[in-house]
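>
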Amino acid sequence: MKNLLCVLLALAFLFGATGLTSAADNTPPDGFTALFNGKDLSGWKGLAGNPKSRAAMSPEQLADAQKKADEGMRAHWSVADGALVFDGKGKSLCTAKDYANFEFYVDWKILPKGDSGIYLRGSPQIQIWDNPVGSGGLYNNQKNPSKPSKNADNPIEQWNTFYIKMVGERVTVKLNGELVVDNVVMENYWDRNKPIYPTGQIELQNHGNTLYFKNVYVRELP
450 MKNLLCVLLA LAFLFGATGL TSAADNTPPD GFTALFNGKD LSGWKGLAGN PKSRAAMSPE
510 QLADAQKKAD EGMRAHWSVA DGALVFDGKG KSLCTAKDYA NFEFYVDWKI LPKGDSGIYL
570 RGSPQIQIWD NPVGSGGLYN NQKNPSKPSK NADNPIEQWN TFYIKMVGER VTVKLNGELV
630 VDNVVMENYW DRNKPIYPTG QIELQNHGNT LYFKNVYVRE LP
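Shown next, in the form of structure tokens:
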């Protein structure tokens, strides 16, 4: 009986039934870099404006705006059990570094009626939500496809995995191993008359509800 109990506890740990983080979490696959270390907010910053408004700021104005944004970030984003947790207040979380072409993995989890997304190069967005349409679509597209090809979401309150590839202005998305966006042009939400920005930060978007993220990895491409 004692041996059986040990086996059951081991299985519970491996499958996350205990709520603990497995040893594999936040450990990047070969060729990728972990953007989240599973312990703190190192490598992340608060959201200060948008690409268009930041470009119009002086260096002093941008530094001041970023300082205030970082204070807000630390007030509403935290780390618990190896995951980034957003309390439903404040603004989105941004990578400290800008990226051009890249492959990106992230695990995410939402609660009922949850709504979130992944901004690429500071622009919206790969959609995350509690909706029959499913997550993964390029929600803000107007001329190009904006919806995922299928609903590949796991049940609410369970973890999901995005694989996102961005080269030039085209984006491919896999959700839980299912292809939902296939090499679609991502439009520039901030300036509809121009292509998407060539480089920019990756953002974990909020819409005023509790969010969870982990296993955030990136590989830059030529």
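Residue numbering for the sequence shown is 450 to 671, as defined by our numbering.
Built from N, CA and C at the ideal position, the CB exists for glycine as well.
Source: prediction; values computed, not measured.
Let me make sure I understand the geometry here. Which of Asn625, Pro647, Asn609 has the alpha-carbon closest to that of Arg619?
Reading the sequence shown from its first residue, position 170 is the one you call residue 619. Nearest option by C-alpha distance: Pro647.
> Could you check how far apart the C-beta atoms of Asn658 and Asp513 are, in whole angstroms? I think they sit under 8 Å.
Numbered from its first residue, the sequence shown carries residue 658 at position 209. Numbered from its first residue, the sequence shown carries residue 513 at position 64. Not really, about 29 Å apart at Cβ, beyond 8 Å.
> Applying the 10 Å Cβ sphere with the 16-neighbour rule, what's the burial state of Asp640?
Your numbering for residue 640 matches position 191 in the sequence shown. By the 10 Å Cβ count, Asp640 comes out exposed.
> Let me check understanding here. Comparing Cα to Cα, which of Arg570, Pro561, His656 lies closest to Glu552?
Numbered from 1 along the sequence shown, position 103 holds the residue referred to as residue 552. The residue with the shortest Cα to Cα distance from Glu552 is Arg570.
> In the DSSP assignment, the alpha helix (DSSP H) including Leu569 goes from what residue to what residue?
Locating residue 569 in the sequence shown gives position 120, where the first residue counts as 1. Looking at the DSSP string, Leu569 is not in any alpha helix (DSSP H); the run it does join, the beta strand (DSSP E), is 564 to 569.
> Using beta-carbon positions only, say whether Asn499 and Asn486 come within less than 8 Å of one another.
Taking the sequence shown and counting its residues from 1, the one referred to as residue 499 is at position 50. Taking the sequence shown and counting its residues from 1, the one referred to as residue 486 is at position 37. The answer is no: Cβ separation not under 8 Å.
> If you draw a straight line from the C-alpha of Asp519 to the C-alpha of Tyr666, how long is it?
Your numbering for residue 519 matches position 70 in the sequence shown. Your numbering for residue 666 matches position 217 in the sequence shown. C-alpha separation (whole angstroms): 22 Å.
> Ignore the nearest five residues each way along the sequence and tell me which others in Trp608's own chain have a CB closer than 6 Å to its CB.
Numbered from 1 along the sequence shown, position 159 holds the residue referred to as residue 608. Excluding positions up to five away in sequence, the list reads Asp556, Lys558.
> Measure how close the beta-carbons of Lys623 and Tyr612 come, nearest whole angstrom, since I'm counting them as under 8 Å.
As a first step, residue 623 must be located in the sequence shown, where it is residue number 174. As a first step, residue 612 must be located in the sequence shown, where it is residue number 163. At roughly 4 Å, the Cβ-Cβ gap stays under 8 Å, so Lys623 and Tyr612 are in contact.
> Where Ile645 and Asn590 are concerned, what is the direct C-alpha to C-alpha distance, given to the nearest angstrom?
Stepping through the sequence shown from its first residue, residue 645 is reached at position 196. Stepping through the sequence shown from its first residue, residue 590 is reached at position 141. Rounded to whole angstroms, Ile645 to Asn590 spans 11 Å at the Cα level.
> Under 8 Å by Cβ, that's how I've got Gln654 and Ser541 pegged, so tell me the actual separation to the nearest angstrom.
By one-based count along the sequence shown, residue 654 stands at place 205. By one-based count along the sequence shown, residue 541 stands at place 92. At roughly 5 Å, the Cβ-Cβ gap stays under 8 Å, so Gln654 and Ser541 are in contact.
> By how many angstroms is the C-alpha of Ala505 removed from the C-alpha of Leu511?
Residue 511 sits at position 62 when you count from the first residue of the sequence shown. Residue 505 sits at position 56 when you count from the first residue of the sequence shown. About 9 Å.
> I need the straight-line Cα distance from Gln576 to Pro597, nearest angstrom please.
In the sequence shown, the residue the question calls residue 576 occupies position 127. In the sequence shown, the residue the question calls residue 597 occupies position 148. In a straight line, the C-alpha of Gln576 is about 9 Å away from that of Pro597.
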